[in-house]
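Taking it in order: structure first as C-alpha cells, then the write-up.
Next comes the structure, spelled out in C-alpha cells:
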C-alpha cells in the first residue's frame, strides 16, 4: 500500500460528495470492503457524467491506473472547461426549481442543490448526504478556485478519519475562514452550531436536588407523553424514573409511581433483549447505560452482568469487523502482519465463534477470493489465481472448492511453464530463420505443439502468422531474383504447412506466371507455298503448295546451345500424321525457316495443321487451307 490508496479514498469521498451516497454499500464493513475489491466502479447520475472519468481514474482497482499524485487529479479537474461548468450550473438551477429529493438515486446534481436543512437519516441507514453548497454568481476563475479549495477540504476530512480529535478542533478554528473562502455565511442556511472538540468538555447543568414539582395534571400529561415515546426515545426512561421517584418521595404508596417503576423495569428487560437479539449494539449500550442511571442497583444482578459481558464481547467483535472493512478498503487484505483484514476477521471469530455476522463475513471473504481466483483462471492468469486462492485458504484452510482449485492451478502452472519453454525455443528458432525446417524442431513445429495443448495461445498464433508472412516474403524475393526453382521449393513447403490461404494462392499465381514467362515459346508461325525470307509478310487465307510446304517461326527462351524441335504436318482434324521433320535451333532467341516435303506429289484440297513440339509438348500449331 502506498499514497495511491489515499487517491482511491479521495475518489470514494468525491463520489459521495457528488452522488449523495457511498459508492459501495452492504450490511457490514467487511462486505463493503469486498465490494471495493470485486465490483465495478459505479456510475454517477447522468447529469454528473462529466466527472465520471475523474472518478474512474481515482477509484481504479489497479493502483497503476490511478492518478499517481494528487496534483494529477487536480490537473484533471482543472481541465474541465468553463462551458462544462456552466452546464452543471444550469442543471443545478433546474434541480432546485424542480424541488427534487436530494437523496434520490436519480438526482441531478447533489452538490449544487440549495436546501437550507440537511435531510434526516434513520440511525441504521448507511447512505449519507453531502453538505449543500449554494453556488454564488462569482466570476469563473473564482468558481474554479472554490472547486479546488473544496477538494482540499475533502482531503482534510478524509485524513480526519484517523485523526478525528485534533482535526475536529482545527476545523472549528478554521471553519469561518473556509466558509468565507467558499462565499458562504457561517450563520446562513446550512450553517450549524459548532461542535466542541471534546464531547466531555460540554458543561451539563447540575440537576437541582429539590426540583420544582409540576402541577399534578401537567405531570401526568408529561408522564403519559414520555411513556408513549419510550421506544423511539429510550432516554425518556431515565426522566420517567426520576419523576416516579419524585412522586414517591412525597407519596410512598402512590400507585401510579409504583406501577410506573415496575413498568419501566419490564420495559428495560424487553427492550434490552430485543435490541441485543437484533444485533443493535448501539441501542443495547444506550439502554444499558440508561438502566444504570434509572435503577443503579439493578445492574449488579447476575443476568445484567452476563448481558454486559456479552455486549462488550459483541462490541469488540463489531470493532474488529469494522476495522477489517477499513483494511479491505485500503487493500490491506492479508498483510502487513498485525494490521490486515483477515486477522481482524479471525480475531472477531476467536472472541465469538458462534457470531453469525463474523462467520458470514469470513464466508464472504472466502467466496470473494474463490470467485476472483476463478476469474483469473478463466483469463489464463494462473499466477494471480494461485495467489488469490492461497489468500482465501489462509482464512479457511480446509475449504474444499479452494483446495480443488489450488490443485488445478498447480497443474496449469506446470503446463504453462512447459509451454513457455516451447515458446522460448520457438522464438530462438525464429531468430535463426529456422521457420519451417528442420522438421520436428522448426519454429512452426514448436508453435503447433503449443496450440495443440492451448488453442488460444496468443504468442503461438502470432508466431505462426509471422512464419507464413516471412516465408512468403522469401518466395517473392526468389521470384524477383529469377531463382524460380528455389521459389517453387519454398512455396511448396509453405503450402504443405499452411494449406491454400488467399495470400498463399496469390503468391502461387505470381510464381506460375514467372515460370511461364521463362519457358521456351514460339511467338509466331508463318506457312507458305513458296520459300519465306521474312516473317513480316501476312499469312495467306489459302495455299496452293506443290510437294513442299515452307515454314518460318520466331522463338524465345530456347537453349542457347542447341534445341531440337519436331515439326509435324497433319490433316485438319489432327488425327492423321502426313509428314514429320526435325528442326534444330542454335540460339536462345531468334527466327528459323525450313520446309516439309510431302511423300507424294501435291496437296489435295482441304484443311491441314502444322505443330512444333519440344520434348513432345506442343509449342505452337497453325491450320491452313489448300484450294
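Residue numbers (my numbering): 1 to 627.
Glycine included, each C-beta is placed from N, C-alpha and C at the ideal position.
Since the model is a prediction, treat every value here as computed from it, not as a measurement.
Beta-bridge partners of residue i, as assigned by DSSP
| i | result |
| --- | --- |
| residue 611 | 568, 621 |
| residue 461 | Paired residue(s): none; residue 461 is not in a bridge. |
| residue 591 | 554 |
| residue 597 | 548 |
| residue 606 | 626 |
Where residue i sits in the DSSP three-state scheme
| i | result |
| --- | --- |
| residue 270 | helix |
| residue 515 | helix |
| residue 117 | Residue placement at residue 117 is poorly supported in this model, since its pLDDT is 35, which falls under 50; the coordinates are not used for a value here. |
| residue 54 | helix |
| residue 636 | This structure cannot settle anything about residue 636, because the visible part of the chain is limited to 1 through 627. |
| residue 33 | helix |
| residue 616 | coil |
| residue 77 | helix |
| residue 132 | Confidence in residue 132 is poor, its pLDDT being 36 and thus under 50, which makes the residue's placement unreliable; the coordinate value appears in the next sentence. Three-state result, residue 132: coil. |
| residue 199 | Its pLDDT being 34, under 50, residue 199 is placed unreliably by the model, and the measurement read from it follows with that caveat. Three-state result, residue 199: helix. |
| residue 543 | strand |
| residue 284 | helix |
| residue 69 | coil |
| residue 563 | strand |
| residue 188 | Confidence at residue 188 is low in this model, with a pLDDT of 43, below 50, so the placement of that residue should be treated as unreliable; the coordinate-derived value is given next. Residue 188: coil per DSSP, three-state reduction. |
| residue 504 | helix |
| residue 110 | Annotation note: pLDDT 35 at residue 110 (below 50); position unreliable, no value reported. |
| residue 333 | coil |
| residue 537 | coil |
| residue 28 | coil |
| residue 44 | coil |
| residue 436 | coil |
| residue 49 | helix |
| residue 479 | helix |
| residue 103 | Residue confidence for residue 103 is low, a pLDDT of 42 falling below 50, so the modelled location carries little weight and cannot support an answer. |
| residue 278 | coil |
| residue 531 | coil |
| residue 253 | coil |
| residue 509 | helix |
| residue 573 | coil |
| residue 289 | helix |
| residue 39 | coil |
| residue 635 | Residue 635 is absent from the model: the chain starts at 1 and stops at 627. |
| residue 232 | coil |
Residue span of the beta strand (DSSP E) that contains residue i, given as start and end
| i | result |
| --- | --- |
| residue 577 | 577–585 |
| residue 527 | 521–528 |
First through last residue of the alpha helix (DSSP H) which encompasses residue i
| i | result |
| --- | --- |
| residue 4 | 3–19 |
| residue 390 | 382–395 |
| residue 360 | 356–378 |
| residue 351 | 341–351 |
| residue 244 | 236–248 |
| residue 421 | 400–431 |
| residue 24 | No alpha helix (DSSP H) contains residue 24, which DSSP labels as neither H nor E. |
| residue 491 | 484–498 |
| residue 64 | Taken as a continuous stretch (DSSP letters only), residue 64 belongs to no alpha helix (DSSP H), as it is neither H nor E. |
| residue 216 | 216–228 |
| residue 444 | 443–453 |
Whole-angstrom C-beta distance between residue j and residue i, which should lie under 8 angstroms
| i | j | result |
| --- | --- | --- |
| residue 87 | residue 73 | About 21 angstroms separates the two Cβ atoms, so there is no contact after all. |
| residue 54 | residue 361 | About 32 angstroms; that fails the 8 angstroms criterion. |
| residue 463 | residue 510 | Rounded, the Cβ-Cβ distance is 25 angstroms, inconsistent with contact. |
| residue 519 | residue 557 | 6 angstroms |
| residue 472 | residue 503 | 6 angstroms |
| residue 597 | residue 580 | Not a contact, Cβ separation roughly 11 angstroms. |
| residue 543 | residue 600 | Not quite, the Cβ-Cβ distance comes to about 17 angstroms (not below 8 angstroms), so this is no contact. |
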